[in-house]
Structures are given as C-alpha cells and as structure tokens.
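Residue numbers (mature numbering (1 follows the signal peptide of the UniProt record, and there is no 0)): -22 to -1, 1 to 360.
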C-alpha cells in the first residue's frame, strides 16, 4: 500500500508531462483561430464578472488595470468594438481618474489604458486627469531610500510589481502626447528600483527590501514568480514606447535579454513557473499569472527579433499549452495565485482578474507571432 501511494504521484507527473509534450506537438493549439477563440472565451468570462457586479475591486484598481492591458491588446486583433466599448465604459465610470493615492504606482496603472485609448479616439478627457499627476511625478525629486519602511511605497517604486504598474503609465503618456519628459522620468526611476532590488547574480528581482535576505526552504534566495513576471511585462511595455533613437533603449533591451535567459532556464516540466522560482518543489502546483507575463514577454521578444526563435519558441509553446489547459470550460482561468507578495499555494479554482490580463497579452503576441515571421535583427559587435 505504501509503495502504491509513493508511485501514484510519480505516475501522475509522468502522465501530465507526456500529455503536455503531445499537446505541444499538436498544431491545433497554435492556429490563429484557436488562439483568438480561447482569448475571447477568457475575456468574455472576466468581462461578465464585471457586468454581473462580481468583480470586487474598484474599477481604477491595479488588479483591473492589469486586466485592461490585456483587453486593449485583444482589441487590436478583434473585428468587434466590444472590447473598446468595455474599456471606454470603464474609463467613463472612473471619470478618467486614477486611484486616490497620488504617488502610489499601483493606483495609476489604469492610466496606461487611458493613453492607449486616447491614441485611437483623440478625446482629451481620456488623459486630462492623469497628465497633471504625471507632471507632479516628473517634478518630484524621488530621493528617498527604497527600504520598506515609513510607507515608502506611497512615494517611491519600492517593490518590483511597480515596474509593470507605473513606468509604462508614464511611457504611454509620452507616446500619447509626444512629450519625452514622462518616458525619461520612468527611465530614471526604473533604474533606481533596479539598483535596489535586482540581483545581478541571479538576474532576478527581489519583491521588495524585506525579501533581500530571505531564503526558501531549500536554502536558496526567495524570488517570487509573479513579481518577476510583472517586471518582464513592464520591460515589454517600456521598450514598446521607446523610439529606436532613444538613448537608453538598448540598456532596457539588454536587461530584457538577461532576464529572458534566466526565466527560460527556470521553466518547470509542466510548462509553467511555480510561485517560488528557485524552490519549485515547495510549491508544486502550476501558476498562471506569472507564467502568463513570462509567456507574453517571450512571445514579444521572439516576434521583435530580440530572442532566438529556435531557443525560445519551445519554451513559449510549453507555456501556452499550460495556460490553455488551465482554462475552465466556461472561460475562467484557473491556477492564478491570489493577491500577494511572495510564493504561495495555488489550485485549479484559484483566479484573479490580472491572470486573464496576462493570458490576453500572451495570446495577442502569440497570434501575431504564428501569423507572420519574427523580425531578424543583426547582432551588435561587442
């Protein structure tokens, strides 16, 4: 009996791994029509949660802001106005305002979508409220230590999640207005956060100052999967708003490449990244929010020619299959770690609104990638 209990998990793991490999080899998962249909299913379920009043976070909240980034991308490949209409309805309900905590990066994540909508509809009210706040952020000195005390997060980008929420909001405003000062401030503050939280040995970010000296059960450093997913997603969205002539663009690209290589090497046999990047055995379940942001970044990197197709597409394939097979029949995305700041337990029924956001970002990039050949870039001489 004891032998049976020991063998069963091994047999199950072997079966799941074999099944994943079979699905990765199946072309059906990577046909544009399949990708789009799966995205629409996931988006439809989450939007329905809004319409039924079951979304428990304020419409300006970062949780929803991350979802809106995915809906905005889905809209670019959709033949319907449904997604823009949903986002405009959200913006109108918010009176095109950000959250109430003025310099708290999470509270202006939603402004990314406002600027993207402005670029399409050219309605001044879409960015009129965020622009004065952005001007205040630009004018602020930001000279405090990023140590996690005295509510520093309300004034500085002292946690790695902020790199998805805040810098792209400023970068998209530069694209919307043509004023480079917003992107330049985002650039400056990105590297301040990086100097404090980035581990150059592991090429990963600590979540915040409290975790720099914390270790996992196996004695390795604690790096949170979704936290680094936020960073990877933030890198994509920053670089997307940088003209080729922008002085620091290559610095961001090099960081993106370093992190991509490290993340790819940490992918688990189930195709995902577990919540503890360096201790996946302690948290053995799949996790789809961090995985979604990694897959988004890798797909974008391949499509843009920053990452080798041969090296990274197999990683992306396994991640996409893992994401798709985590979607419930009704469109709910499972295995999403709840709101947190460190590794934790996840299960099939776990979901949160930012998970579908990451799924939609990934699907949009993957659909564009499989629909056309990636850009080829010449390697720069060292």
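Beta carbons: idealized from backbone N, C-alpha and C, even for Gly.
Validate contact between the segment 176 to 191 and the segment 202 to 216 using beta carbons, cut 8 Å, 3 pairs: They touch, by the three-pair rule.
Close Cβ partners of residue 144 (< 6 Å) along its chain, the five nearest in sequence each way excluded: Working through the chain shown from its first residue, we reach residue 144 at position 166. So the qualifying residues of the chain are 83 and 135.
Segment contact, 8 Å Cβ cut-off, at least three pairs: the segment 68 to 78 with the segment 114 to 124: Counting Cβ pairs under 8 Å, fewer than three are found: no touch.
Given residue 219 as reference, the closest of 253, 191, 165 and 326 once Cα atoms are compared: For the purposes of this step, residue 219 is taken as residue 241 along the chain shown, with counting starting at 1. It is 165.
Whole-angstrom distance between residue 61 and residue 334, CA atom to CA atom: On the chain shown, position 356 is the one that residue 334 refers to. On the chain shown, position 83 is the one that residue 61 refers to. Each residue's Cα considered, the two are about 14 Å apart.
Classification of residue 362 by the beta-carbon crowding that lies within 10 angstroms, buried from 16 upward: Here the chain covers residues -22 to 360 and nothing more, so residue 362 does not appear.
From 295, 48, 290 and 180, residue whose alpha carbon lies closest to that of residue 199: Within the chain shown, the letter at position 221 stands for residue 199. Checked all of 295, 48, 290 and 180; the closest Cα to residue 199 is 180.
CA-to-CA distance, residue 79 to residue 20, given in whole angstroms: If you number the chain shown from 1, residue 20 lands on position 42. If you number the chain shown from 1, residue 79 lands on position 101. Spanning the alpha carbons of residue 20 and residue 79 requires a straight line of approximately 31 Å.
Which of helix, strand or coil DSSP assigns to residue 296: Numbered from its first residue, the chain shown carries residue 296 at position 318. Helix.
Chain-order list of residues whose beta-carbon lies under 7 Å from that of residue 194 (same chain, five-residue window excluded): What you label residue 194 is simply residue 216 of the chain shown in a count that begins at 1. 200, 254, 256, 257 and 260, listed in sequence order.
Enclosing alpha helix (DSSP H) for residue 240 [first to last residue]: Residue numbering aside, residue 240 sits at position 262 when the chain shown is read from its first letter. Element bounds for residue 240: 227 to 243.
Pairwise C-alpha distance: residue 277 and residue 346: By one-based count along the chain shown, residue 346 stands at place 368. By one-based count along the chain shown, residue 277 stands at place 299. A direct Cα-Cα distance of roughly 9 Å separates residue 346 from residue 277.
Proximity below 8 Å, CB of residue 275 to CB of residue 210: On the chain shown, residue 275 is found 297 positions in, with the first residue counted as 1. On the chain shown, residue 210 is found 232 positions in, with the first residue counted as 1. Against a cut-off of 8 Å, the Cβ pair of residue 210 and residue 275 comes out as a contact.
Supposed close pair residue 235, residue 313 - CB separation, criterion 8 Å: As a working mapping, residue 235 is identified with position 257 in the chain shown. As a working mapping, residue 313 is identified with position 335 in the chain shown. Their Cβ separation, rounded to whole angstroms, is 28 Å, which puts residue 235 and residue 313 out of contact at 8 Å.
Reduced DSSP secondary structure (H/G/I, E/B, other) of residue 346: Residue numbering aside, residue 346 sits at position 368 when the chain shown is read from its first letter. In the three-state reduction of the DSSP assignment, residue 346 falls in the helix class, which pools H, G and I.
Residue of 130, 26 and 127 minimising C-alpha distance to residue 310: As a working note, residue 310 is residue 332 in the chain shown. Measuring from the Cα of residue 310, the nearest candidate turns out to be 26.
The segment 100 to 112 touching the segment 34 to 51, judged by at least three CB pairs closer than 8 Å: At 8 Å Cβ cutoff, the stretches do not touch.
Other residues of its chain near residue 6: CB distance less than 8 Å, five sequence neighbours each side excluded: Mapped onto the chain shown, residue 6 falls at position 28. Excluding positions up to five away in sequence, the list reads 12.
According to DSSP, residues forming a beta bridge with residue 254: The residue labelled residue 254 in the question sits at position 276 within the chain shown. Here residue 254 is bridged, per DSSP, to 202.
DSSP bridge partner residues for residue 305 (one or two, in chain order): By 1-based counting over the chain shown, the position of residue 305 is 327. For residue 305, which the question treats as bridged, DSSP gives the partners 311.
CB contact flag (residue 222, residue 300, <8 Å): Walking along the chain shown from the start, residue 222 turns up at place 244. Walking along the chain shown from the start, residue 300 turns up at place 322. For residue 222 and residue 300, no; Cβs fall outside 8 Å.
Under 8 Å between C-beta atoms of residue 149 and residue 161: The sequence position of residue 149 within the chain shown is 171, counting from 1. The sequence position of residue 161 within the chain shown is 183, counting from 1. It is a contact, given that the beta carbons lie within the stated cut-off.
Counterpart residues of residue 186 in DSSP-defined beta bridges: Here residue 186 refers to the residue found at position 208 when the chain shown is read from its first residue. Beta bridge pairing from DSSP links residue 186 with 137.
Proximity of residue 225 and residue 271 at Cβ, strictly below 8 Å: In the chain shown, the residue the question calls residue 225 occupies position 247. In the chain shown, the residue the question calls residue 271 occupies position 293. No.
Cβ-based burial, residue 340 [other Cβ within 10 Å; buried from 16]: Counted from its first residue, the chain shown places residue 340 at position 362. When all chains shown are included, residue 340 counts as buried.
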